[in-house]
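Undergrad: First, the structure itself, so that you have it in front of you.
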Amino acid sequence: MNRIVAILGGTGSQGFGLALRWLKAGEYVIIGSRSREKAQAKADEARRILGNGVRVEGCTNSEAADKADIIVLTVPFDAQLSIIRRIAPYLSQGKILVDVTVPLASIIGGDPWRILYPWDGSAAEQAARYIPKGVRIVSAFHTIGSSILYDLDREVDCDVLICGDDVAAKRIVAELAEEIPGVRAIDCGPLENSRLTESLASLMIYLCRLYNVKAVGVRITGIRNLRSI
Ligand SMILES: NC(=O)c1ccc[n+]([C@@H]2O[C@H](COP(=O)([O-])OP(=O)(O)OC[C@H]3O[C@@H](n4cnc5c(N)ncnc54)[C@H](OP(=O)(O)O)[C@@H]3O)[C@@H](O)[C@H]2O)c1
Numbered sequence: 113m114n115r116i117v118a119i120l121g122g123t124g125s126q127g128f129g130l131a132l133r134w135l136k137a138g139e140y141v142i143i144g145s146r147s148r149e150k151a152q153a154k155a156d157e158a159r160r161i162l163g164n165g166v167r168v169e170g171c172t173n174s175e176a177a178d179k180a181d182i183i184v185l186t187v188p189f190d191a192q193l194s195i196i197r198r199i200a201p202y203l204s205q206g207k208i209l210v211d212v213t214v215p216l217a218s219i220i221g222g223d224p225w226r227i228l229y230p231w232d233g234s235a236a237e238q239a240a241r242y243i244p245k246g247v248r249i250v251s252a253f254h255t256i257g258s259s260i261l262y263d264l265d266r267e268v269d270c271d272v273l274i275c276g277d278d279v280a281a282k283r284i285v286a287e288l289a290e291e292i293p294g295v296r297a298i299d300c301g302p303l304e305n306s307r308l309t310e311s312l313a314s315l316m317i318y319l320c321r322l323y324n325v326k327a328v329g330v331r332i333t334g335i336r337n338l339r340s341i
């Protein structure tokens, strides 16, 4: 695999969990951060966990976006647009931006099991408005919690729900998702359906609290002949 996957905000829970899973699968991963030192420390941590053979580096979010083919955005909702504006000069045509952002009400002091409704309909549609033309945006990984990702020896009992308007880009993201053992990638249609998949994440937080568990997963059943994207 010669592609490079950058995870912006990859020092955080969700981003680092995805980084570990993809490194384990053999991907070249760049961990992005506002601080180069923090990113490099996380890259060192990944090497400690997975061994020195993994292909990982840490750098600033802009450098990571510049070098990568696939850029995965894993930051809190209130940081999403400032990062997109910052990395926009590095988002050349054809690159894929994978938005994992959930607009949780906790960013304005509300409960994390409540969701905000951005003017554009969803966090991913908001991102789509601000990225340069020709960048392909896909929304995914909202319904897979970081604690599940960190449990590296366990298969993940969870589907990854993928929304986007560019089928080829969705196919590439589905491939990345299915590198995580146990995961099925489900094509959930156009980017606007991200309104639904992002909302599910807040429901999942509610369920964890209600049933006092660390993580819950989502499986879509009943689709015969599930076609790959
Ligand atoms: N955690 C989960 O299980 C989970 C599951 C599904 C979806 N999500 C979504 O994924 C996103 C990331 O979640 P998370 O739990 O990983 O969040 P997090 O740990 O709170 O933050 C992730 C990273 O974002 C960067 N960041 C924080 N504030 C920022 C700011 N104001 N400007 C720029 N960068 C900032 C930080 O990186 P640096 O300080 O290194 O720059 C931080 O390490 C969120 O939108 C969340 O809703 C999370």
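All the letters of the sequence shown, read from the start, carry residue numbers 113 to 341 under this note's numbering.
Cβ coordinates follow ideal geometry from the N, Cα and C atoms, glycine included.
1. What number of angstroms, rounded off, separates the C-alpha of residue 222 from the C-alpha of residue 261?
2. Can you tell me which of the three DSSP states residue 234 falls into?
3. Let's test the definition: count the other Cβ atoms within 10 Å of the Cβ of residue 231 and tell me whether it reaches 16, buried, or not, exposed.
4. Output the residues surrounding ligand 1, defined as those with a CB atom closer than 6 Å to any ligand heavy atom, in chain order.
5. Using a 10 Å radius around the Cβ and a threshold of 16 neighbouring Cβ atoms, would you call residue 96 buried or exposed?
6. Closest to residue 141 by C-alpha separation, out of 128, 226, 150 and 147, would be which residue?
7. What does DSSP give as the partner residues of residue 211 in its beta bridges?
8. Leaving out five residues before and five after residue 233 in sequence, what residues of the same chain have Cβ atoms less than 7 Å from its Cβ?
9. So, using beta-carbon positions, are residue 182 and residue 115 closer together than 8 Å?
10. Output yes or no for whether 8 Å exceeds the beta carbon distance between residue 331 and residue 275.
11. Cutting at 8 Å between CB atoms, please list the residues of its own chain near residue 283, excluding the five before and the five after it.
12. Spatial neighbours of residue 264 within its chain, please: C-beta separation below 7 Å, excluding the five flanking residues on both sides.
13. For residue 196 and residue 244, I'd like the C-alpha separation in whole angstroms.
14. Suppose the cutoff is 7 Å on Cβ atoms and the five residues either side in sequence are ignored; what does the same chain contact list for residue 346 look like?
15. Do the segment 203 to 210 and the segment 174 to 190 touch if we need at least three Cβ pairs shorter than 8 Å?
16. Please state the DSSP three-state secondary structure of residue 202.
17. Per DSSP, which one or two residues make a beta bridge with residue 171?
18. When we look at the beta-carbon of residue 149 and count the other beta-carbons within 10 Å, is it buried (16 or more) or exposed?
TA: Working from what's here:
1. Rounded to the nearest angstrom, the two C-alpha atoms are 26 Å apart.
2. Secondary structure of residue 234 (DSSP, three-state): coil.
3. With a threshold of 16 other beta carbon atoms within 10 Å, residue 231 falls short and is exposed.
4. Matched residues: 121, 123, 124, 125, 126, 127, 145, 146, 147, 150, 186, 187, 188, 189, 191, 194, 195, 212, 213, 214, 216, 254, 257, 258 and 313.
5. With the chain represented from 113 up to 341, any question about residue 96 goes unanswered, as that position is not in the structure.
6. Closest by alpha carbon: 128.
7. Assignment of beta-bridge partners to residue 211 by DSSP yields 185 and 251.
8. Sequence-distant partners of residue 233 (beyond 5 residues in either direction) whose C-beta falls short of 7 Å from its own C-beta, in its chain, are 304 and 307.
9. Cβ atoms of residue 182 and residue 115: closer than 8 Å.
10. No. Outside cutoff.
11. Cβ within range, chain order: 340 and 341.
12. 132 and 136.
13. If I take the Cα positions, the gap works out to 10 Å.
14. Because the chain is modelled from 113 through 341, residue 346 falls outside the range shown and cannot be assessed.
15. By the criterion of at least three beta-carbon pairs nearer than 8 Å, the segment 203 to 210 is in contact with the segment 174 to 190.
16. Here residue 202 sits in helix by DSSP.
17. Per DSSP, 144.
18. Counting Cβ neighbours within 10 Å, residue 149 comes out exposed, since fewer than 16 surround it.
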